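Protein sequences, first through last, are from chains A and B. Anchor point for the first sequence: position 280 equals 680 in the numbering used here, and the numbering is continuous, going up by one each time. Anchor point for the second sequence: position 212 equals 612 in the numbering used here, and the numbering is continuous, going up by one each time. Working notes, beginning with the structure itself.
There are 2 protein chains.
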Amino acid sequence: MRLKDLAEHLGLSQTTVSRALNGYPEVNEATRLRVAETAARLGYRPNASALRLATGRSGAIGLVLRGADDLGPHMSEFLAGMGGHVGTQEIDILVVTVNSLEDELAAYRRIAASQKVDAVVLHSPTLRDRRAELLLDLKVPFVMHGRTNIGHPVPWMDIDNTGAIERATGHLLDLGHRRIALLNGLKGRTFAEHRELGYLAALSARGVSFDPALMGNSIFTDEIAFRQAQAMLELRPRPTAFLAGSMMTALGVFRAIRQAGLELGKDVSMIAHDDVFPYLNADNMYPTMSTTRSSIRQAGMRIAELILQILGGKPVEDVHELWPVELVLRQSSAPLLQ
Amino acid sequence: MRLKDLAEHLGLSQTTVSRALNGYPEVNEATRLRVAETAARLGYRPNASALRLATGRSGAIGLVLRGADDLGPHMSEFLAGMGGHVGTQEIDILVVTVNSLEDELAAYRRIAASQKVDAVVLHSPTLRDRRAELLLDLKVPFVMHGRTNIGHPVPWMDIDNTGAIERATGHLLDLGHRRIALLNGLKGRTFAEHRELGYLAALSARGVSFDPALMGNSIFTDEIAFRQAQAMLELRPRPTAFLAGSMMTALGVFRAIRQAGLELGKDVSMIAHDDVFPYLNADNMYPTMSTTRSSIRQAGMRIAELILQILGGKPVEDVHELWPVELVLRQSSAPLLQ
DNA sequence: TCAAAATTTGAAATCGCTTTGAATGATCTC
DNA sequence: GAGATCATTCAAAGCGATTTCAAATTTTGA
Numbered sequence: 401m402r403l404k405d406l407a408e409h410l411g412l413s414q415t416t417v418s419r420a421l422n423g424y425p426e427v428n429e430a431t432r433l434r435v436a437e438t439a440a441r442l443g444y445r446p447n448a449s450a451l452r453l454a455t456g457r458s459g460a461i462g463l464v465l466r467g468a469d470d471l472g473p474h475m476s477e478f479l480a481g482m483g484g485h486v487g488t489q490e491i492d493i494l495v496v497t498v499n500s501l502e503d504e505l506a507a508y509r510r511i512a513a514s515q516k517v518d519a520v521v522l523h524s525p526t527l528r529d530r531r532a533e534l535l536l537d538l539k540v541p542f543v544m545h546g547r548t549n550i551g552h553p554v555p556w557m558d559i560d561n562t563g564a565i566e567r568a569t570g571h572l573l574d575l576g577h578r579r580i581a582l583l584n585g586l587k588g589r590t591f592a593e594h595r596e597l598g599y600l601a602a603l604s605a606r607g608v609s610f611d612p613a614l615m616g617n618s619i620f621t622d623e624i625a626f627r628q629a630q631a632m633l634e635l636r637p638r639p640t641a642f643l644a645g646s647m648m649t650a651l652g653v654f655r656a657i658r659q660a661g662l663e664l665g666k667d668v669s670m671i672a673h674d675d676v677f678p679y680l681n682a683d684n685m686y687p688t689m690s691t692t693r694s695s696i697r698q699a700g701m702r703i704a705e706l707i708l709q710i711l712g713g714k715p716v717e718d719v720h721e722l723w724p725v726e727l728v729l730r731q732s733s734a735p736l737l738q
Numbered sequence: 401m402r403l404k405d406l407a408e409h410l411g412l413s414q415t416t417v418s419r420a421l422n423g424y425p426e427v428n429e430a431t432r433l434r435v436a437e438t439a440a441r442l443g444y445r446p447n448a449s450a451l452r453l454a455t456g457r458s459g460a461i462g463l464v465l466r467g468a469d470d471l472g473p474h475m476s477e478f479l480a481g482m483g484g485h486v487g488t489q490e491i492d493i494l495v496v497t498v499n500s501l502e503d504e505l506a507a508y509r510r511i512a513a514s515q516k517v518d519a520v521v522l523h524s525p526t527l528r529d530r531r532a533e534l535l536l537d538l539k540v541p542f543v544m545h546g547r548t549n550i551g552h553p554v555p556w557m558d559i560d561n562t563g564a565i566e567r568a569t570g571h572l573l574d575l576g577h578r579r580i581a582l583l584n585g586l587k588g589r590t591f592a593e594h595r596e597l598g599y600l601a602a603l604s605a606r607g608v609s610f611d612p613a614l615m616g617n618s619i620f621t622d623e624i625a626f627r628q629a630q631a632m633l634e635l636r637p638r639p640t641a642f643l644a645g646s647m648m649t650a651l652g653v654f655r656a657i658r659q660a661g662l663e664l665g666k667d668v669s670m671i672a673h674d675d676v677f678p679y680l681n682a683d684n685m686y687p688t689m690s691t692t693r694s695s696i697r698q699a700g701m702r703i704a705e706l707i708l709q710i711l712g713g714k715p716v717e718d719v720h721e722l723w724p725v726e727l728v729l730r731q732s733s734a735p736l737l738q
């Protein structure tokens, strides 16, 4: 069913039908009703490709995922959030997977040249993110989930990683802990650097010196966390508390603690960052897990909103959002045993 | 940079340039080289919308995700697999998220009417899947990850769930276990029904009677599994072995076992189904986890391949693939203690 | 009542590509 | 050397929508 068919069926011109359906004012209200009713009854929907060609808008937001680090539970939740919002609009999400930064850059070039998307979302930025520079260069609108520093204004939405870790570290220090391990994200990633900043700030505020052996930088998987925590627990004096970068990390640390014959919430404390996965609830763990909490799904939803605002003409300089992070204390963080 | 601009730049007609780039035979080899070189140098890429309108192919595969059950680590891996394959072709993945079956059906109608995708992939089918019926009706090509029975031939790729659970159950029975709990997927989902079949077959082959109290049907989350396992462990006599539907489930069961003061691999055995998540390695758990293993990422890759084959004209009746499932025995499954 | 203004409709151009059908030379064949 | 064949190129017609500009009809105002 093409516009032409619908128009013939109605005995009207394509022009009028198109206008009626798109809410233009210069069409008789009676005709509009008749058109709308018939279109609905016949299940007419404009051909997406034709519409895109005619309007010059592709009606899609791009999301490039680097298989190696990006995919996994975080991205899945983020995607759910994005989808939840754009689903209500006439916008789709185009997912492209690549294997390296170079491939990712190439993907943006392709996407830009072929005008496949109206905008993209950039996630897990580094301190000086080449992808942002490229997109600026290509004049592809984007919103960043996180922050970067490239000398040009970049629209972003981020959570207060520094503040979150600073408070969590401060709390552990207040409980008497002095050997606090930080299982952080990869070096160079903005969020990881921000967390390190918060960690160091809290330590130095209490006059506790920093021990590099107590910091790990890696992607957030159960297994890597297990190994890192295991190694750290063999140090003497051993750490008495852990800051876990994600719930996956927390699970790995948890296993290491148990395997070392120690008990979480007694011999060792832990505060984990919780991105709020529906299938991994800090409240239902045993012992329940103290967390710094911020829903990554809501972030996805908000990023989608911001992108639509930018496409709607909102100046990029005005798109900056820093979300506070809750500190939720449960059983896994306890006073240091003497 | 449009085709027109490129053509003018080269002093050729759009026709010739288009043909040169698309590998048609009726163009001088010297011209083709010159065109290809210039196009590459100038970074020309055809406008996606125009190309789609002209060819009638949208160049995208649709994936509709139901937020409630679908999203999560499984889908993330599956998506990675799909993306890995289509990335090499000129095909993208369009992700749409919805909240209910009705919404999902509506989404397919929209997608079909607006010709947004050339095909879709259907996952987590039920025994009689309405989505498959609808897509057949709408004449939207699709490949199913799993199986259904709707009286029409449906192209599918599935793993041998029945065989996998039958062997796993059989193995536990051989180890002396008689009270074996099955934490299965939702009733009505084909894979869950298939697993139940395998479970029952193994039990009855050994003359062990089925106890409905030892079977749970739900989505695969850590938390739900924890509660179900906890309740089952309070039964008398209690189960001595668990079949966990996924690695998330296994984590929940693990916690319940520990909380009950029991030890996995000694007091209680477990075999979990492993979809092979890069961040959750059965081999690195403690104790290491016995699993029925099949990579969901590879499944995604294969499904993408099959879709392209179908779009290439392969008859749907010829697209049926049943993958065997490995049974990997590790420490979590042990002989029943007397 | 009649010209002017407002309302409503339609024909045709446009978006950027592919593809049909025709045209132009060059090469063969006898 | 003329007619047929082949190789190469191009102009123009789609694809299915939006949108510009013009036309037809109705309403308004004096």
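Where is the CB? At the ideal position from N, CA and C, for every residue including glycine. In this text, all values refer to a predicted model and were calculated from it rather than measured experimentally.
Worksheet item: Would DSSP call residue 640 of chain A helix, strand or coil?
Response: coil
Practice prompt. Check each candidate in B:595, B:580, B:531 and B:428 and name the one with the smallest Cα separation from residue 613 of chain B.
Written response: B:580
Worksheet item: At what residues does the beta strand (DSSP E) containing residue 620 of chain B begin and finish?
Response: Segment: none, residue 620 of chain B is in no beta strand (DSSP E) and carries neither H nor E.
Worksheet item: Of all the residues that make up the region 640 to 669 of chain B, which are near chain A by a beta-carbon distance shorter than 8 angstroms?
Response: 648, 651, 655, 658 and 659
Worksheet item: residue 720 of chain B by DSSP, collapsed to three states: which one?
Response: strand
Discussion item. Taking 8 angstroms as the cut-off, does the region 588 to 595 of chain B touch the region 619 to 636 of chain B (at least 3 CB pairs, one atom from each stretch)?
Written reply: no
Worksheet item: What did DSSP end up calling residue 411 of chain B once you bin it into helix, strand or coil?
Response: coil
Item to complete: Would you decide whether residue 577 of chain B is buried or exposed? Buried here means 16 or more other CB atoms lie within 10 Å of its CB.
Response: buried
Worksheet item: DSSP three-state call for residue 519 of chain B: helix, strand or coil?
Response: strand
Worksheet item: What's the gap between the Cα of residue 595 of chain A and the Cα of residue 565 of chain A?
Response: 6 angstroms
Worksheet item: In chain order, what residues of the region 601 to 625 of chain B put their CB closer than 9 angstroms to some CB of chain A?
Response: 619, 620, 621, 622, 623 and 624
Discussion item. Are the CB atoms of residue 690 of chain B and residue 725 of chain B within a distance shorter than 8 angstroms?
Written reply: no
Fill in: Contact the region 520 to 527 of chain B vs the region 535 to 544 of chain B: 3+ CB pairs below 8 angstroms
yes
Practice prompt. Can you pull the chain A residues whose beta carbon is under 7 angstroms from the beta carbon of residue 497 of chain B, in chain order?
Written response: 480, 483, 484 and 487
Worksheet item: Would a check of beta-carbon distances place residue 516 of chain B closer than 8 angstroms to chain A?
Response: yes
Discussion item. So that I know if they touch, is there some Cβ in chain B lying closer than 8 angstroms to that of residue 492 of chain A?
Written reply: yes
Item to complete: Could you check which residue in A:411, A:679, A:661 and A:556 has the C-alpha nearest to that of residue 705 of chain A?
Response: A:556
Worksheet item: Are the CB atoms of residue 645 of chain A and residue 732 of chain A nearer to each other than 8 angstroms?
Response: no
Worksheet item: Of all the CB atoms in chain B, is at least one closer than 8 angstroms to the CB of residue 443 of chain A?
Response: yes
Fill in: N- and C-terminal bounds of the beta strand (DSSP E) containing residue 725 of chain A
That residue, residue 725 of chain A, is in no beta strand (DSSP E); it is neither H nor E in DSSP.
Fill in: Segment limits, beta strand (DSSP E) that includes residue 375 of chain A
Because chain A is modelled from 401 through 738, residue 375 of chain A falls outside the range shown and cannot be assessed.
Worksheet entry | For residue 662 of chain A: DSSP bridge partner residues | BP columns for residue 662 of chain A are empty, so no partner.
Worksheet item: Does the distance from the CB of residue 496 of chain B to the CB of residue 462 of chain B come in under 8 angstroms?
Response: yes
Worksheet entry | Alpha-carbon spacing of residue 408 of chain B relative to residue 442 of chain B, whole angstroms | 13 angstroms
Worksheet item: What are the boundary residues of the beta strand (DSSP E) that residue 691 of chain B is part of?
Response: 690 to 693
Fill in: Pick from A:532, A:490, A:655 and A:656 that is closest to residue 505 of chain A, judged by C-alpha positions
A:532
Fill in: Interface positions of the region 510 to 539 of chain A facing chain B (Cβ-Cβ less than 8 angstroms), listed along the chain
510, 513, 514, 515 and 516
Worksheet item: What did DSSP end up calling residue 543 of chain A once you bin it into helix, strand or coil?
Response: strand
Worksheet item: Listed in chain order, which residues of the region 719 to 733 of chain A have Cβ atoms closer than 7 angstroms to some Cβ of chain B?
Response: none
Discussion item. Quick check on the burial criterion: 16 or more other C-beta atoms within 10 angstroms. Buried or exposed for residue 490 of chain A?
Written reply: exposed
Worksheet item: Quick one, are the C-beta atoms of residue 629 of chain A and residue 657 of chain A less than 8 angstroms apart?
Response: yes
Worksheet item: Can you give the beta carbon distance from residue 460 of chain B to residue 700 of chain B, rounded, assuming they're within the 8 angstroms contact cut?
Response: Wrong, their Cβ atoms sit about 16 angstroms apart, outside the cutoff.
Fill in: Distance, residue 535 of chain B Cα to residue 423 of chain B Cα
34 angstroms
Worksheet item: Just reading off the beta strand (DSSP E) that residue 581 of chain A is part of, what are its end residues?
Response: 580 to 584
Fill in: Of the residues A:477, A:663, A:563 and A:420, the one placed nearest residue 692 of chain A, counting alpha carbons only
A:563
Worksheet entry | Inter-residue Cα distance where the pair is residue 485 of chain B and residue 696 of chain B | 14 angstroms
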